[in-house]
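Letter 276 of the sequence shown, counting from 1, is numbered 276 in our numbering, and no numbers are missing. For glycine and all other residues, C-beta sits at the position ideal for the given N, C-alpha and C. Have a look at the structure below, then the notes.
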Amino acid sequence: MTYDTQIITCINEGTCRPYNRKTGDDDREMELFMQKIIDTTTAREKTTRNRLLLLKLGCTVIVALLLACLSVTGVSAASGLKIYDYQSKKNVTYTGKQVKVTLNGEQISKDDTPGIIMDGIALLSYKDIFANSPIKAKCVYNKPEGTVTIKGSGTTIVLTINSKTAVVNGKKVKMPVAPIKIKYRFADVTKILVPSRFVAETLGYKYTWNSSNSTAAIEGNPFMISINDGKEFAYTGSIADVTIDGTKVSPGNMPSLIIDNITMVRAKRVFADSKVKAKYSFDSKEQTITLSKDENVLKMKIGKKTADLNGKSVKMNIAPMIVTNHNAKSSFVMVPGSFTASALGYDYSWNQSKRTSEITTRKEDSSDQTGKDDSETGGDPLDPELGDDSVINEKGTILRQWRSNEALLGKGSNVHEIAGKGQATEDIGTISVNLSNVNQKMLNVETYQFPATMPYGEVTSGFKNKVITIRVPGMNCTTQTNYFNETANSVIEHITTKYDSTSKTAIIEITVRSENISYDISLSADRMNLYVNLYKNSITSATVGTNSKGDYITLNSLRPLEVMITNQGGYLTLDLPYTINGIGDQYASISGSKYVNQFFTVSSNNGMQAFIELKNGADYYIIQNGNWYTLSIQPKGTIVEPEPPKEDEEKPSDINKDNYEIRIPRPADIRSDMISDEDYYYKKQFAIKLSGDYTSYFNTNPVIVNSSIIRDVTVKLNADYQTEICFTTSKLQGYEYVMDDSYIYVNIDIPKNIYKNIVVLDPGHGGGANGAQYFNTKEKDLNCKMLYTLGKKYFDSDTSKIKAYYTRVTDKDVDLYDRAGFAKEVGADLFVSLHMNASTSKSANGTEVYYSSSNNEKNRTGLNSSRMASMFVNNLSTVLGTNNRGISSARYVVVHRNTVPAVLIELGFMSNQNDFNKISNASYQETVAKTIYETLCNVFEQYPTGR
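What follows is the structure in structure tokens.
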């Protein structure tokens, strides 16, 4: 400490505490010097000489003060940052890292008011960083309300001091830490500090934390767009790529965007200026887009969800749009990628790991197709899913495959009620019936019209015992029944209309021939016509394949199939009543199979048939898993009937209903194998899923919740035709469920009270942090693919063995301290981070595992980080055949700042050609994922948690 800082101490704290330096004479001189100042200021009368002396000494003090101000940063770093906390109303000394901030490489933070770190999150002055910097966000502090409003890039963020809840464009979101109000005592200035990463990324900037110099780097200009000449805003969603038959399409100034969970792509660039070579035109006056390829002509209109395909009207989930890139000052026509590709006769799949729309030429007639490797493509939902592993363990080789044009298949809106007021009883309208199917556009939809003489008011409906009952208060109708001939290819048996004079309500009863349908209702724009849409089931794909067990035929459909099989004269006949033949009539001789000679499909009145010609000595076994129906064809006498599903093992007879926070009414036809679940812990949500559409059932049989932790419950029909019951919680929860004949009972609690063994898995890097890059491959992608994309099926297979939480499941850069802290948040027992190695020496190769000697205490099971590191490096190198480089201690944040035994795996060297060939190989990657899982199982077996 210098003289300068000694003076500061005297003035600010009111006392003089001499600081002993080696030059004691100087210190004594300074002490006497200060005593003179005190004596001078307390004297009542001074001579002129004394006043001149005081003036001289005062000048000296001022100079010292100025020098002190220049060195304040060094003082803070050496002795801590003295602040006043307005929440605790206490003076405190902050001794953690002091944060600097750069914007596009230039420092914008102030040295005398640096940012601080709380719970691993950098908090910075909103005024210094976002208002008074080149970011130039408009910021308003409302002192009475304790709120800070930050506006920029078309986004409005409202933060409340000491609250983790923020409001972004009107929607509540959770932040990792709350804003705080503090006073920097040396600088004598009050600041409000906000979570810097949250605000920066919400405004559309890239944010990178550099722990080596405690600097937050904010980069780039927000990607500013507007849609259909709407309000300009910063797009912060995912940026996607497009490939055509494996060749990447250059995005130019507009990449693909994810809007409402649908990928929007450039119409002209992707479908006209590519291998597709469709003819493209855009009528700017009419705002219409026309794309034509071979016999397919697709017409779409900006802002409209209805398109015209080959003269037939079809519906889209999202309308085409004009997106303006304000950074590039240019606009582009964007269309839904999946719908457009399918309409033009191409196959489309979304590769989640690569964030890529993969458009491929449809190969319906190829007789030499092989199955795609899920680990490379991200999984094709139309590939066969064979279900029972005890019967068929592998997909093998796909011999023939047919797919429907999904643009011609309707899936429905699930709207069963329409709000509105009934007409006055003295002025009642009349409903009539149009018995013709007015929908000739969608293959699987029948639409019937019910005109009225006055606008419809409220409409309600329900479906039970093959009868759709529609009630319309304030309307009259003629009592009559109209029958439909079964040969008319209609799912309807008859329609009855009648009038209830007591309630003055018109009742429409539509009796159908099968319960395996869905329906919705809608009104015309003038509310003069009621439309009832009936959706038949439809085949969406058929696959014939072979594997080491035999052959298989897999049918995929919109809903679970009802199949009647006849085995006669070497032919299997599959009757599928009230099911549309979405793949069309097909006839194929099967080459390369063991037991299947021919496969063909034929459409029929009110259904379809599939025929399979078998070779002598073949028999079949049925596997049905949701919407997938598979016939396994194997030699006679070798098929072993698997044990039937156990009668609800999880159905104890002594369920205490009071011990469960959630009770879900159980539909009578729901078996235990029709129930699944999914943990959306990163959103503080989890879902229970029932195969089929039970949304109407839960309208009259609501879910019962008895917990303040449950904030919201939603019931919806998801894309896999499952009824998804989603629960939102106030904090991360584990869950488990059991059932009896009446209910599904769900227990929630902190994870450690639910799960026996908990691990946090950390795919290294992500987002802008690519890690090592060699041979056009990024380390971050390899880490996520092996640990999450491939590993998920192992870690999700049985949570009674291991419950896994991931630090990231997408291409996102997660702060290192947040990764380490996540283990404590979820109550994990172990932490494993996966990385790939690199070296300037191309000969360096092999597997090594790191731990931190400062986080190496044995836990209560006797396990420490170094022991776990040894188990991993030995097991991985043995199974994978890599060079065992041993274990090492290092201060990597994810292991060093962890609270549980933690290891960081460096699997292999991307810089070494041999290692790279291994870690980039699909089957090798699968082995890596399985080995990590099995090693963790072994760790928990040797060091049981005791829970």
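Straight across, the Cα-Cα distance linking S109 with K100 is about 6 Å. For N747, the enclosing beta strand (DSSP E) stretches over residues Y743 to D749. Of the other Cβ atoms in all chains shown, 16 or more fall within 10 Å of the Cβ of H416; this residue is therefore buried.
Put simply, the backbone Cα of N169 is about 41 Å away from that of M454.
The C-beta of Y735 has 16 or more other C-beta atoms within 10 Å across all chains shown, which makes the residue buried. Each residue's CA atom was taken as its position, placing A272 and A234 some 28 Å apart. Closest in C-alpha terms to F339, from the list I428, S357, T728 and M836, comes S357. By the Cβ rule, the region 752 to 770 does not count as touching the region 690 to 698, because fewer than three pairs are nearer than 8 Å. When secondary structure is reduced to three states using DSSP, G204 falls in the coil class, being assigned neither helix nor strand. Short of 7 Å from the beta carbon of F916, and not among the five residues preceding or following it, lie these beta carbons of its own chain, in chain order: Y774, F775 and M910. Its chain contains H494 and T496 as the residues whose beta carbon lies nearer than 6 Å to that of T481, once the 5 sequence neighbours on both sides are disregarded; these appear in chain order. When the five nearest sequence neighbours on each side are left out, the beta carbons in the same chain lying within less than 8 Å of the beta carbon of I302 are those of N228, Q287, T288, I289, A319, P320, M321, I322 and V333, in order along the chain. Distance from the CA atom of Y621 to the CA atom of S541, rounded to whole angstroms, is 20 Å. Counted as a single uninterrupted DSSP element, the stretch harbouring H835 is not any alpha helix (DSSP H) but the beta strand (DSSP E) occupying residues L830 to N837. Rounded to the nearest whole angstrom, the C-alpha separation of S843 and Y660 is 58 Å. Around the beta carbon of N706, a 10 Å sphere encloses fewer than 16 other beta carbons of the protein chains shown; the residue is thus reported as exposed. Y86 is the residue among V314, N556 and Y86 whose C-alpha sits nearest the C-alpha of V189. A residue is called buried when at least 16 other Cβ atoms come within 10 angstroms of its Cβ; L435 does not meet this threshold and is exposed.
Counting along the chain, D128 sits inside no beta strand (DSSP E), nor does DSSP assign it H or E at all.
Under the Cβ criterion (8 Å, minimum of three pairs), the region 429 to 446 does not count as touching the region 539 to 557. Taking a 10 Å sphere around the C-beta of A178, we find 16 or more other C-beta atoms and assign the residue as buried. Closest option to V467, judged by alpha-carbon separation, among A419, Y519 and I675: Y519.
Contact between F198 and M224 does not hold, since their C-beta atoms are separated by about 20 Å, which reaches or exceeds 8 Å. Given a length threshold of 4 residues, each whole run of the alpha helix (DSSP H) inside the region 169 to 202 is given here in chain order: 196 to 202. For L717, same chain residues with a beta-carbon under 8 Å away, outside a window of 5 residues either side, are N414, D693, T695, T723 and E724 in chain order. Looking only at T479, Y483 and N485, the smallest Cα-Cα distance to I508 is reached by T479. Note: S250 is not bridge-paired with any residue in the DSSP secondary-structure output.
Straight-line measurement puts the Cα of N405 at about 29 Å from the Cα of N485. Per DSSP, V873 is one residue of the alpha helix (DSSP H) stretching across S865 to L880.
Bounds of the beta strand (DSSP E) holding T361 are T356 to T361.
In this structure N845 is in contact with G908, their Cβ atoms being roughly 7 Å apart against a cut-off of 8 Å. Measuring C-alpha to C-alpha distances from G617 to each of I633, N606, M608 and R663 identifies I633 as the nearest.
Cα atoms of V276 and V270: separation of roughly 8 Å, rounded to the nearest angstrom. Ranking L690, I662 and V167 by CA distance to the CA of V148 puts V167 first. Between A929 and L787, the CB-CB gap stays under 8 Å.
The alpha helix (DSSP H) runs of length 4 or more contained entirely in the region 288 to 354 are, from start to end of the chain, 337 to 343.
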